[in-house]
Every structure is written in C-alpha cells, then in structure tokens.
Amino acid sequence: MLIDAYLGFQVGDVVLDRAELAAGTATIKEIHVVPCDWAHGLTGIAVMENGAERFIVQLKKVRPTEEEVETESNVRPLRHRAR
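The sequence shown begins at 0 in numbering that gives the first Met the number 0 and counts up by one.
This is the structure we're talking about:
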C-alpha cells in the first residue's frame, strides 16, 4: 500500500540512513506499508529517489520539508539535552 506519511516521515523528506552514515543523504520518493515478519506485522519502507529501499525505523530526518515548516502540527519532536 502506498502512503504519504509514516511515523513522522513524509514523501520529500531528506533523510540519513543510520546504518550507513557514510552513504550520505537521500530524499524519500515513496513510502510503502508492507507485511514484515521482523516487525511482527506491518512496517513502512521508504523508497528513495536514488532507488534505495530502507525501513523507516532506520532513517533519521536531516531537515524538514517546506510544507512541514509552514503547517501547524500537533506532533512535537523530542528534545534531548546533553548533561
């Protein structure tokens, strides 16, 4: 199933793969929800503009899309401070 957003990630977001930090950033082109034995149910897969496919849970957002900055949302990112 093709969707527009999953767990705070949207089509067009620039992301970094946590497992391959040296690979650089990529832009999400599509998000699919697929069955997954590893997740014991459904999970989100991001298809990047360069053709790579990654689990959403292994991505880190680099910068928000312009639409996200302009729209009001009830979702707030967690802020962790170093102590």
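Positions of the beta carbon are idealized from the N, C-alpha and C atoms, including for glycine.
(message) Can you give me the C-alpha to C-alpha distance between V33 and M0, rounded to a whole angstrom?
(response) 7 Å
(request) Pull up the DSSP beta-bridge partners for I2, would you. (result) I30
(request) Provide the residue span of the beta strand (DSSP E) that contains A45, from first to last. (result) G40 to M47
(request) Please state if the CB of I27 and the CB of G11 are separated by a distance shorter than 8 Å. (result) yes
(request) Give every residue of the same chain whose Cβ lies closer than 7 Å to the Cβ of A22, excluding the five residues on either side of it in the sequence, and list them in chain order. (result) D16
(request) Please state whether DSSP places A51 in a helix, a strand or coil. (result) coil
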